[in-house]
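*Asks:* Chains A and B, in that order, give the protein sequences.
For the first sequence, counting from 1, position 192 maps to 192 in my numbering; every step adds exactly one.
For the second sequence, counting from 1, position 25 maps to 251 in my numbering; every step adds exactly one.
Think of the CB as a built atom: it goes at the ideal place given N, C-alpha and C, for glycine as much as any other residue.
Fair warning: this is a prediction, and the values are worked out from it, not measured in the lab.
Got a structure for you, questions after.
Number of protein chains: 2
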Amino acid sequence: MLVAVDCIIFGFDGTHLKLLLIQRAFQPEAGNWSLMGGFVQPDETLPKAAARVLKKLTGIADVYLEELSAFSHPERDPIERTLSVPFTALVDIQQYETQITDDYHAGWFDINKYPKLIFDHREMVEKAKARLRYKAAFHPVLFELLPAKFTIPQLLNLYEEVYDISMDKRNFSRKILSMDLLEKLNEKDKGNSKKGAWLYRLNKKKYKANFHKVASIIPNPDIHYS
Amino acid sequence: MLVAVDCIIFGFDGTHLKLLLIQRAFQPEAGNWSLMGGFVQPDETLPKAAARVLKKLTGIADVYLEELSAFSHPERDPIERTLSVPFTALVDIQQYETQITDDYHAGWFDINKYPKLIFDHREMVEKAKARLRYKAAFHPVLFELLPAKFTIPQLLNLYEEVYDISMDKRNFSRKILSMDLLEKLNEKDKGNSKKGAWLYRLNKKKYKANFHKVASIIPNPDIHYS
DNA sequence: AAAATAAATGTAATATTGACAATTAAAAAT
DNA sequence: ATTTTTAATTGTCAATATTACATTTATTTT
């Protein structure tokens, strides 16, 4: 059996959650939109393969990668039986290097409006989205989508976009700051207002130490997560 | 690459969380303790393969199965490269049929004291245990380990065993009953006390409908989950 | 009839969450 | 220079959820 990995690469452009797709260069399905993937090499584990694939496409290393359940339907690949393990990648869209990417005719698409994908890739994307919502409701993963310095309103926008809800600014700010993960910088970002918003950065130590801790970030979590 | 599944089969004997292991009948590692596993067949998905393997060993069908992250180290199997996807299985230990099992020299072991296992199976077990703790803190999965009729004190024992904590009876009872998943029966179980404890059963409809809902079941969830 | 055992139940203190609006800082417009 | 505009920042109160804690009840055994 062939074993592959596919990367569901999420980015955030400040307004919308984005998905990085490529146009397949070979048969079958040449020219059609697809997730970036690749076969696992003899010396690689699955996560290593995913990191390699991601690096090749985006130029970014040390990316947040989370393995999802394998896709194993016997006929999912019409040519030869291929097991694929999808990985969710959270990427700072600003670090994305277009030049490296152009080999693959890659493009960012809005998560709510992306083209038809090959094979079962749409299903992978939807699973990744559901998983991201689940995970981010309790763990501070969404920081991975932001640049190193970011503002509270930017973070709020991100949460509102991922969950498609609007949240109370005051409550959100209180909750996030009470997690004691952020360090306030002596700099403002004036990109979005006259007054400017304070920039923060993650305290990496506390982030790593508290990552596995469970904290309910989303209000009214009376939603169904899968 | 060969692709296999391995089952981490949990059971609950009323006091301890148990793990079902087999003694391997063939080389390599013949005679040593191992998880029950098998290769994925041409017409099978991974979950189907896991269900088949489980049925073969325990005689039980329709089991709660949850896929964990794949184990993919190139040298994890010394003979030939084999990818293995572990599945956590939660089983009502009372339904376990010894006769079917005897072919495999199977045995239940305390989760905190089980023998040396082949390959990376110990790592699989530890991951499954961590995952079970994580999952069960928010989703009512542990019911899968109990018989159809059970008492609140039995359920409490199970939670206390899985999390290795002691919980307040009153708070636990209130929390569980407020989830509105249980139906009180007109029967008592007198196995453990003179007074007897009321038996309950799951309302399957509500269980399925609310399964993905997130509810914090474990008090002081200031624990690190992985 | 008394003792023993485990089951069942309630309440008050505390912590967390949710709802809600006024003030502030800076730039742009007058 | 003053006013206007825009988004950022901040606080309080009410409701809800959680925690800590002890007595009563049903039944069997002595």
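Residue range of the beta strand (DSSP E) that Tyr290 (chain B) falls in?
*Replies:* As a working mapping, residue 290 (chain B) is identified with position 64 in the second sequence. Tyr290 (chain B) -> beta strand (DSSP E) spans 290 to 293.
*Asks:* With a floor of 4 residues, list each alpha helix (DSSP H) that falls wholly inside the stretch 259 to 334 of chain B, ordered by position along the chain.
*Replies:* 272 to 284, 324 to 327
*Asks:* What alpha helix (DSSP H) runs, 4 residues minimum, are completely inside the stretch 377 to 439 of chain B?
*Replies:* 378 to 389, 395 to 404, 430 to 436
*Asks:* When the distance is taken between beta carbons, is Tyr200 (chain A) closer than 8 Å to Leu182 (chain A)?
*Replies:* The residue labelled residue 182 (chain A) in the question sits at position 182 within the first sequence. The residue labelled residue 200 (chain A) in the question sits at position 200 within the first sequence. Yes. Within cutoff.
*Asks:* Given that Pro282 (chain A) touches chain B, what residues does it touch there, using C-beta distances under 8 Å?
*Replies:* The requested residue 282 (chain A) does not occur in the structure, where chain A is confined to residues 1 to 226.
*Asks:* Can you tell me which of the three DSSP states Ala4 (chain A) falls into?
*Replies:* Locating residue 4 (chain A) in the first sequence gives position 4, counting from the first residue. If DSSP states are grouped into helix, strand and coil, Ala4 (chain A) belongs with the strands.
*Asks:* Grab the span of the alpha helix (DSSP H) containing Lys135 (chain A) for me, first residue to last.
*Replies:* Translated into the one-based positions of the first sequence, residue 135 (chain A) becomes position 135. 121 to 136 is the span of the alpha helix (DSSP H), which, as asked, contains Lys135 (chain A).
*Asks:* Pull out every residue of the stretch 341 to 354 of chain B whose Cβ sits closer than 9 Å to any Cβ of chain A, in chain order.
*Replies:* none
*Asks:* Give the residues from the stretch 158 to 192 of chain A that approach chain B closer than 8 Å (Cβ to any Cβ), ordered along the chain.
*Replies:* none
*Asks:* The beta strand (DSSP E) that contains Ile22 (chain A), what's its start and end?
*Replies:* As a working mapping, residue 22 (chain A) is identified with position 22 in the first sequence. That run of the beta strand (DSSP E) goes 17 to 23.
*Asks:* Of all the options B:Gly263, B:Leu228, B:Gly422, which has the alpha carbon lying nearest to the alpha carbon of Ala332 (chain B)?
*Replies:* One-based indexing of the second sequence puts residue 332 (chain B) at position 106. Nearest option by C-alpha distance: B:Gly263.
*Asks:* Can you tell me which of the three DSSP states Leu343 (chain B) falls into?
*Replies:* On the second sequence, position 117 is the one that residue 343 (chain B) refers to. Looking at Leu343 (chain B) - three-state DSSP - the assignment turns out to be strand.
*Asks:* Count the other CB atoms within 10 Å of the CB of Ala61 (chain A); is the residue buried (16 or more) or exposed (fewer)?
*Replies:* Here residue 61 (chain A) is taken as the residue at index 61 of the first sequence, counted from 1. It counts as exposed.
*Asks:* For a quick check, are the C-beta atoms of Tyr134 (chain A) and Ile218 (chain A) less than 8 Å apart?
*Replies:* As a working note, residue 134 (chain A) is residue 134 in the first sequence. As a working note, residue 218 (chain A) is residue 218 in the first sequence. For Tyr134 (chain A) and Ile218 (chain A), no; Cβs fall outside 8 Å.
*Asks:* Determine the DSSP secondary structure at Asp110 (chain A), reduced to helix, strand or coil.
*Replies:* Residue numbering aside, residue 110 (chain A) sits at position 110 when the first sequence is read from its first letter. Three-state DSSP puts Asp110 (chain A) in a strand.
*Asks:* Are Leu261 (chain B) and Leu343 (chain B) close, meaning C-beta to C-beta below 8 Å?
*Replies:* Start at 1 with the first residue of the second sequence, and residue 261 (chain B) comes out as number 35. Start at 1 with the first residue of the second sequence, and residue 343 (chain B) comes out as number 117. Taking 8 Å as the cut-off, the Cβ atoms of Leu261 (chain B) and Leu343 (chain B) count as close.
*Asks:* Check Phe26 (chain A) in the structure and name its three-state DSSP category.
*Replies:* As a first step, residue 26 (chain A) must be located in the first sequence, where it is residue number 26. Three-state DSSP puts Phe26 (chain A) in coil, outside helix and strand.
*Asks:* Identify the residues that DSSP records as bridge partners of Gly237 (chain B): which are they?
*Replies:* Locating residue 237 (chain B) in the second sequence gives position 11, counting from the first residue. DSSP output for Gly237 (chain B) lists B:Lys244 as bridge partner(s).
*Asks:* Any beta carbon from chain B within less than 8 Å of Leu35 (chain A)'s own beta carbon?
*Replies:* Sequence index remark: in the first sequence, residue 35 (chain A) carries index 35 (1-based). Not an interface residue.
*Asks:* Do the CB positions of Val5 (chain A) and Leu68 (chain A) come within less than 8 Å of each other?
*Replies:* Here residue 5 (chain A) is taken as the residue at index 5 of the first sequence, counted from 1. Here residue 68 (chain A) is taken as the residue at index 68 of the first sequence, counted from 1. Contact flag unset, no.
*Asks:* Give the single residue among A:Lys190, A:Asn186, A:Trp198, A:Lys188 whose Cα lies nearest to the Cα of Ser173 (chain A).
*Replies:* For this step, residue 173 (chain A) is matched to residue 173 along the first sequence. That would be A:Trp198, whose Cα lies nearest to the Cα of Ser173 (chain A).
*Asks:* Going by CA-CA distance only, name the one from A:Ile8, A:Asn210, A:Ala209, A:His73 that's closest to Val63 (chain A).
*Replies:* As a position in the first sequence, residue 63 (chain A) is number 63, starting the count at 1. Cα-wise, what sits closest to Val63 (chain A) is A:Ile8.
*Asks:* Check Leu371 (chain B) in the structure and name its three-state DSSP category.
*Replies:* Mapped onto the second sequence, residue 371 (chain B) falls at position 145. Reduced to three states, the DSSP call for Leu371 (chain B) is helix.
*Asks:* Please say whether Asp77 (chain A) and Asp10 (chain A) have beta carbons closer to each other than 8 Å?
*Replies:* Taking the first sequence and counting its residues from 1, the one referred to as residue 10 (chain A) is at position 10. Taking the first sequence and counting its residues from 1, the one referred to as residue 77 (chain A) is at position 77. Checking the sequence, you will find Phe at residue 10 (chain A) rather than Asp. No, the Cβ-Cβ distance between Phe10 (chain A) and Asp77 (chain A) is not below 8 Å.
*Asks:* Determine whether the beta carbon atoms of Tyr114 (chain A) and Leu21 (chain A) lie at a separation below 8 Å.
*Replies:* To locate residue 114 (chain A), count along the first sequence from 1; it is residue 114. To locate residue 21 (chain A), count along the first sequence from 1; it is residue 21. Going by C-beta atoms, Tyr114 (chain A) is nearer than 8 Å to Leu21 (chain A).
*Asks:* With distances taken from CA atoms, which of B:Gln325, B:Leu428, B:Asn338 is nearest Val367 (chain B)?
*Replies:* Mapped onto the second sequence, residue 367 (chain B) falls at position 141. Answer by Cα proximity: B:Leu428.
*Asks:* When the distance is taken between beta carbons, is Met227 (chain B) closer than 8 Å to Leu309 (chain B)?
*Replies:* In the second sequence, the residue the question calls residue 309 (chain B) occupies position 83. In the second sequence, the residue the question calls residue 227 (chain B) occupies position 1. Less than 8 Å divides the Cβ of Leu309 (chain B) from the Cβ of Met227 (chain B).
*Asks:* What does Leu272 (chain B) touch in chain A if you count any residue whose Cβ is under 7 Å from its own?
*Replies:* The residue labelled residue 272 (chain B) in the question sits at position 46 within the second sequence. Going along chain A in sequence order, the residues near Leu272 (chain B) (Cβ under 7 Å) are Ala70, Ser72.
*Asks:* Give me the Cα-Cα distance between Arg122 (chain A) and Gly31 (chain A), rounded to the nearest whole angstrom.
*Replies:* Taking the first residue of the first sequence as 1, we reach residue 122 (chain A) at position 122. Taking the first residue of the first sequence as 1, we reach residue 31 (chain A) at position 31. In a straight line, the C-alpha of Arg122 (chain A) is about 16 Å away from that of Gly31 (chain A).
*Asks:* With a 10 Å radius around its C-beta and 16 neighbouring C-beta atoms as the bar for buried, classify Asp448 (chain B) as buried or exposed.
*Replies:* Here the question's residue 448 (chain B) lines up with position 222 in the second sequence. Any answer about Asp448 (chain B) is weak, because its pLDDT of 49 lies below 50 and its placement is not dependable; what the coordinates show is given next. The residue in question, Asp448 (chain B), is exposed, as its Cβ has fewer than 16 Cβ neighbours within 10 Å.
*Asks:* Assign Ala296 (chain B) to one of two classes, buried (16 or more other C-beta atoms within 10 Å of its C-beta) or exposed (fewer than that).
*Replies:* To locate residue 296 (chain B), count along the second sequence from 1; it is residue 70. When all chains shown are included, Ala296 (chain B) counts as buried.
*Asks:* With 8 Å set as the bound, which would you pick, yes or no: does the beta-carbon of Val85 (chain A) sit closer than that to a beta-carbon of chain B?
*Replies:* Reading the first sequence from its first residue, position 85 is the one you call residue 85 (chain A). True, the Cβ-Cβ gap to chain B drops below 8 Å.
*Asks:* Assign Asp180 (chain A) to buried or exposed, taking buried as 16 or more other Cβ atoms, counted over all protein chains shown, within 10 Å of its Cβ.
*Replies:* In the first sequence, residue 180 (chain A) corresponds to position 180, counting from 1. Residue environment for Asp180 (chain A): exposed (fewer than 16 other C-beta atoms within 10 angstroms of its C-beta).
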